[in-house]
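Engineer: Residue numbers (UniProt numbering): 1 to 507. Pasting a structure here, questions to come.
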Amino acid sequence: MKAAFSSTSREFTSRYAGLSFYWAWVFLSFNSLDIVGGDGRAISIVHIMSSATAMVMFAVCALSWRSVMGWAAKRVRIVLLACGVTALAGTCLYALPLFSALPAAMGAGAFATGFACTPIVLAWGVIYRDLDARRAVLFTSMTFLGAALLYGAIMLLGSTMAPVAVSLLPLAAAVAAMVSLRDWRAECAPDAEARRRARSEIRDLVRTALSWRVLVGLIAALFSYGGLRVYFGSVAPSVFSDPALMAGTIALAAFVFFVYGALVSRTRLNLGVLYRIAMSVWALAFVLIALVGHDNVTMVFFMASLSSVLFEVLTWALLVEIARTTHFAALLVFAVGRLAVHVGIVAGEVAAFALIDDMALFAVVAVFVLVASTGFAFADRDTTFAFESPTPAELERLSGGDGRSHADESVSSGSGVAGSVVEPADASLVPVAADVGARIEALAKAYQLSPREKEVFALWVTGHGSKYIQEKFVISPATVKTHVRHIYEKCDVHNRAELMRKLEEAG
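Structure (structure tokens):
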């Protein structure tokens with residue numbers, strides 16, 4: 001137990017802890033009046049300008065992800081270092097007291113950070129993709145806990161040194177990402193056909209793995225939170241001057257996610273439950289604002305902030321899992337996911353400023369949006385992922401067979417290896433009421449899996465993680481990902497859930 005804990009701690013510290021610098025910068029830059037000078041509205045204005053710029057960057061990265069994946073390692077390091085330095089300079093323009101009386105300087109700093117921090121967070125998405133489900137939950141929790149500790153420690157430095165420390169955070173995140181991406185391997189330079197297929201990948205991603213239901217849910221929920229930010233900045237800016245309140249909120253959200261992931265389920269994790277709870281808390285916050293007005297505003301701010309941080313934690317873990325278990329590039333998954341996050345919160349802040357004299361109307365609209373989207377957003381099939389092998393009951397259900405025929409299903413390699421076409425699967429190859437092993441054997445034959453792909457398929461479809469497969473066959477993480485990608489392409493699926501469903505329906 002002690003050895004395992006020590007090994008996990010070393011792995012997190014050596015490769016994944018650097019993401020804490022980025023999240024600490026986010027929370028300090030956009031949730032502390034001690035960092036952003038001016039009144040409470042200044043925080044929302046700086047955030048709108050920075051996030052709007054980031055939206056453009058995320059959209060560009062999503063459209064050109066194939067080209068970026070073809071960059072050489074040296075070029076990636078240079079870009080990250082340049083972004084870190086640019087973000088440092090930009091943060092100085094709105095964080096240092098020297099520029100607090102210059103709105104133009106603060107605006108330029110907000111634009112610079114939105115531009116420069118986008119590649120940094122996308123690089124961390126690529127890094128976290130290598131984690132299996134359990135370590136993704138653990139390390140995401142540890143990352144946000146680290147951000148909370150950094151938040152508290154920096155605010156203890158005082159009004160002179162704290163802005164300097166905050167300005168250094170994005171550079172630290174960029175340098176840490178450079179170190180963690182030391183094994184980066186560039187893909188082949190895309191030709192015209194590859195670029196065309198890359199655009200179609202976006203449509204496939206939204207249709208399947210990162211479904212429109214999740215994206216609409218993110219936009220709708222964060223639209224409401226954006227309005228809450230403007231409300232607090234307008235009527236109770238003092239809540240942005242309490243470092244213990246924000247640091248405690250971040251740490252509590254990380255702890256809640258860790259406990260839920262570690263204790264609630266042994267084999268799988270459903271993030272949709274926590275998503276819907278967070279949306280309900282935001283709706284309650286609007287109701288409390290209507291009932292108690294400006295009284296107990298600290299309690300309402302705590303509720304809203306806890307839900308917002310939990311949303312960030314959940315979304316990061318969800319994007320990691322989607323990138324890990326599908327053939328879609330992590331860069332594309334995180335670009336589209338983070339774009340939805342920024343679209344939602346910026347739209348909410350802009351709408352709230354437009355209705356600043358009638359926040360009751362905005363509250364009604366926000367609650368309606370939350371209630372309407374809760375009905376279809378974050379469905380279990382979109383937000384559940386496996387930790388371990390299925391339970392005995394699940395295996396028994398898999399081996400039962402229901403006699404349904406799927407002979408009309410056809411499969412192609414999609415965006416897989418050029419020239420590789422798989423003939424339609426013959427469901428008759430899968431015997432009715434076959435056991436799991438026979439079904440796996442039959443499906444492997446039907447979809448023309450290679451011997452090694454069949455071995456990986458047998459473990460992957462029964463819930464084993466990448467790390468287990470690496471150790472079982474003594475192969476590298478990159479080899480495991482390659483095999484899984486080929487299996488998905490040959491079976492015409494996009495994630496493990498669809499693969500398990502295909503196995504279940506094969507009877």
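We treat Cβ as the ideally placed atom computed from N, Cα and C, and that holds for glycine. It should be emphasised that the depicted structure is a prediction, and the values quoted were computed from it without experimental measurement.
Assuming ALA52 and GLY114 are in contact, meaning their beta carbons sit under 8 Å apart, how far apart are those beta carbons, in whole angstroms?
Structural biologist: As a first step, residue 52 is located in the sequence shown; it is residue number 52 there, counting from the start. As a first step, residue 114 is located in the sequence shown; it is residue number 114 there, counting from the start. The Cβ separation is near 7 Å, so the contact holds.
Engineer: Based on the DSSP secondary-structure assignment, which residues constitute the bridge partners of LEU269?
Structural biologist: For the purposes of this step, residue 269 is taken as the residue at position 269 of the sequence shown. For LEU269, which the question treats as bridged, DSSP gives the partners PHE385.
Engineer: Taking contact to mean 3 or more Cβ pairs, one atom from each stretch, closer than 8 Å, check whether the stretch 92 to 101 and the stretch 175 to 187 are in contact.
Structural biologist: The answer is no - the stretch 175 to 187 does not touch the stretch 92 to 101, with fewer than three Cβ pairs under 8 Å.
Engineer: Excluding five sequence neighbours on each side, which residues of the same chain lie with their C-beta closer than 7 Å to the C-beta of ASP380?
Structural biologist: As a working mapping, residue 380 is identified with position 380 in the sequence shown. Once the five neighbours on either side are set aside, the close Cβ partners of ASP380 are ASN270 and GLY272.
Engineer: Alpha carbon to alpha carbon, how far is VAL179 from THR13? Give it in angstroms, no decimals.
Structural biologist: In the sequence shown, counting from the first residue as 1, residue 13 sits at position 13. In the sequence shown, counting from the first residue as 1, residue 179 sits at position 179. One C-alpha to the other measures close to 12 Å.
Engineer: Which ranges would you report for the alpha helix (DSSP H) in the stretch 171 to 211 if only whole runs of at least 4 residues count?
Structural biologist: List check, alpha helix (DSSP H) in window: 192 to 207.
Engineer: Could you tell me whether any Cβ in chain C is nearer than 8 Å to the Cβ of ALA278?
Structural biologist: Judged by its chain identifiers, the structure shown contains no chain C, having just a single protein chain.
Engineer: Considering only C-alpha positions, which residue in the set LYS481, GLY463, ARG439 and ASN31 is nearest to ARG452?
Structural biologist: Start at 1 with the first residue of the sequence shown, and residue 452 comes out as number 452. The residue with the shortest Cα to Cα distance from ARG452 is LYS481.
Engineer: Hey, SER141 and PHE258: beta-carbon distance below 8 Å or not?
Structural biologist: Indexing the sequence shown from 1 puts residue 141 at position 141. Indexing the sequence shown from 1 puts residue 258 at position 258. Result yes, Cβ atoms of SER141 and PHE258 sit closer than 8 Å.
Engineer: Quick check on ARG129: does DSSP put it in helix, strand or coil?
Structural biologist: Working through the sequence shown from its first residue, we reach residue 129 at position 129. Of the three classes helix, strand and coil, the one that applies to ARG129 here is coil, per DSSP.
Engineer: Please state if the CB of SER29 and the CB of ILE35 are separated by a distance shorter than 8 Å.
Structural biologist: Position 35 of the sequence shown, counted from the start, is the residue given in the question as residue 35. Position 29 of the sequence shown, counted from the start, is the residue given in the question as residue 29. Yes, these two residues count as a Cβ contact at 8 Å.
Engineer: Less than 8 Å between the C-beta atoms of ALA458 and ILE487, yes or no?
Structural biologist: What you label residue 458 is simply residue 458 of the sequence shown in a count that begins at 1. What you label residue 487 is simply residue 487 of the sequence shown in a count that begins at 1. Result no, Cβ atoms of ALA458 and ILE487 do not sit closer than 8 Å.
Engineer: Extract the residue ranges of the alpha helix (DSSP H) inside the stretch 33 to 72, only unbroken runs of 4 or more that lie entirely within it.
Structural biologist: Those alpha helix (DSSP H) runs which fall completely within the stretch 33 to 72 and span 4+ residues are 40 to 63 and 65 to 69.
Engineer: Quick one: Cα of ALA17 to Cα of ASP357, how far?
Structural biologist: Reading the sequence shown from its first residue, position 17 is the one you call residue 17. Reading the sequence shown from its first residue, position 357 is the one you call residue 357. Each residue's alpha carbon lies about 43 Å from the other.
Engineer: By alpha-carbon positions, which one of ARG338, MET299, ASN296 and THR298 ends up nearest to residue 508?
Structural biologist: A query on residue 508 cannot be resolved here, the shown segment of the chain reaching from 1 to 507 and no further.
Engineer: Would you call the CB atoms of PRO170 and TRP23 closer than 8 Å?
Structural biologist: Taking the sequence shown and counting its residues from 1, the one referred to as residue 170 is at position 170. Taking the sequence shown and counting its residues from 1, the one referred to as residue 23 is at position 23. Against a cut-off of 8 Å, the Cβ pair of TRP23 and PRO170 comes out as no contact.
Engineer: Rounded C-beta distance between residue 508 and PHE286? I'm assuming under 8 Å.
Structural biologist: Residue coverage of the chain in this structure runs from 1 to 507, which leaves residue 508 outside it and unanswerable.
Engineer: Between the C-alpha atoms of THR383 and ALA377, what's the straight-line distance to the nearest angstrom?
Structural biologist: For the purposes of this step, residue 383 is taken as residue 383 along the sequence shown, with counting starting at 1. For the purposes of this step, residue 377 is taken as residue 377 along the sequence shown, with counting starting at 1. Their Cα atoms are separated by approximately 10 Å.
Engineer: Sorted by chain position, which residues of the same chain lie with C-beta nearer than 7 Å to LEU449's C-beta, five sequence neighbours on each side aside?
Structural biologist: Counted from its first residue, the sequence shown places residue 449 at position 449. PHE457, ILE487 and LYS490, listed in sequence order.
Engineer: Whole angstroms is fine: what's the gap from ALA497's alpha carbon to ALA133's?
Structural biologist: Along the sequence shown, one-based indexing puts residue 497 at 497. Along the sequence shown, one-based indexing puts residue 133 at 133. Using only the alpha carbons, I get a separation of about 14 Å.
Engineer: For ALA351, which residues of its own chain have a beta-carbon under 8 Å away from its beta-carbon, when the five flanking residues on both sides are left out?
Structural biologist: As a first step, residue 351 is located in the sequence shown; it is residue number 351 there, counting from the start. Hits under 8 Å: PHE223, GLY226, GLY227, PHE362 and VAL365.
Engineer: Any idea what DSSP makes of TYR151, helix, strand or coil?
Structural biologist: Indexing the sequence shown from 1 puts residue 151 at position 151. Three-state DSSP puts TYR151 in a helix.
Engineer: What residue range is occupied by the uninterrupted alpha helix (DSSP H) comprising HIS494?
Structural biologist: To locate residue 494, count along the sequence shown from 1; it is residue 494. First-last for HIS494: undefined, no H or E at that position.
Engineer: Applying the criterion that 16 or more other CB atoms from any shown protein chain within 10 Å of the CB defines a buried residue, is residue 523 buried or exposed?
Structural biologist: In this structure the chain extends from 1 to 507, so residue 523 is not present and cannot be described.
Engineer: Give every residue of the same chain whose Cβ lies closer than 7 Å to the Cβ of VAL85, excluding the five residues on either side of it in the sequence, and list them in chain order.
Structural biologist: As a position in the sequence shown, residue 85 is number 85, starting the count at 1. These residues qualify, in order along the chain: LEU171.
Engineer: Return the CA-CA distance between LEU157 and ARG207, expressed in angstroms with no decimal places.
Structural biologist: The sequence position of residue 157 within the sequence shown is 157, counting from 1. The sequence position of residue 207 within the sequence shown is 207, counting from 1. Distance between the alpha carbons of LEU157 and ARG207: 48 Å.
Engineer: Look at the alpha carbon of ASP39 and the alpha carbon of VAL493, and state the distance between them as a whole number of angstroms.
Structural biologist: Reading the sequence shown from its first residue, position 39 is the one you call residue 39. Reading the sequence shown from its first residue, position 493 is the one you call residue 493. So the alpha carbons of these two residues sit roughly 51 Å apart.
Engineer: May I have the straight-line CA-CA distance separating GLY233 from VAL343, to the nearest angstrom?
Structural biologist: Taking the sequence shown and counting its residues from 1, the one referred to as residue 233 is at position 233. Taking the sequence shown and counting its residues from 1, the one referred to as residue 343 is at position 343. Between GLY233 and VAL343, the C-alpha separation is close to 20 Å.
Engineer: Going along the chain, which residues of its own chain have a beta-carbon closer than 6 Å to the beta-carbon of ALA220, five neighbours each way excluded?
Structural biologist: To locate residue 220, count along the sequence shown from 1; it is residue 220. Correct list, in chain order: VAL369 and SER373.
Engineer: By Cβ distance below 6 Å, which residues in the same chain neighbour SER308 in space, the five residues on each side in sequence not counted?
Structural biologist: Along the sequence shown, one-based indexing puts residue 308 at 308. For SER308, where only same-chain residues beyond five positions count, the Cβ hits under 6 Å are TYR225.
Engineer: By a C-beta neighbour count over all protein chains shown, 10 Å radius and 16 as the cutoff for buried, is PRO103 buried or exposed?
Structural biologist: Position 103 of the sequence shown, counted from the first residue, corresponds to residue 103. The residue in question, PRO103, is exposed, as its Cβ has fewer than 16 Cβ neighbours within 10 Å.
Engineer: For the UniProt domain "HTH luxR-type" (442 to 507), which segments carrying the beta strand (DSSP E) assignment without a break, of at least 3 residues, lie completely within its bounds, in sequence order?
Structural biologist: Segments of the beta strand (DSSP E) lying fully in the UniProt domain "HTH luxR-type" (442 to 507): there are none.
Engineer: Assuming LEU332 and ILE202 make a contact with CB atoms under 8 Å, what is their CB distance in whole Å?
Structural biologist: Translated into the one-based positions of the sequence shown, residue 332 becomes position 332. Translated into the one-based positions of the sequence shown, residue 202 becomes position 202. Contact holds; Cβ gap of about 7 Å.
Engineer: Nearest-angstrom Cα distance between LYS467 and PRO477?
Structural biologist: For the purposes of this step, residue 467 is taken as residue 467 along the sequence shown, with counting starting at 1. For the purposes of this step, residue 477 is taken as residue 477 along the sequence shown, with counting starting at 1. If I take the Cα positions, the gap works out to 7 Å.
Engineer: Could you tell me which of MET106, MET69, ALA72 and GLY70 sits nearest to ILE48, measuring between CA atoms?
Structural biologist: For this step, residue 48 is matched to residue 48 along the sequence shown. Selected option, being the one with the closest Cα: MET106.
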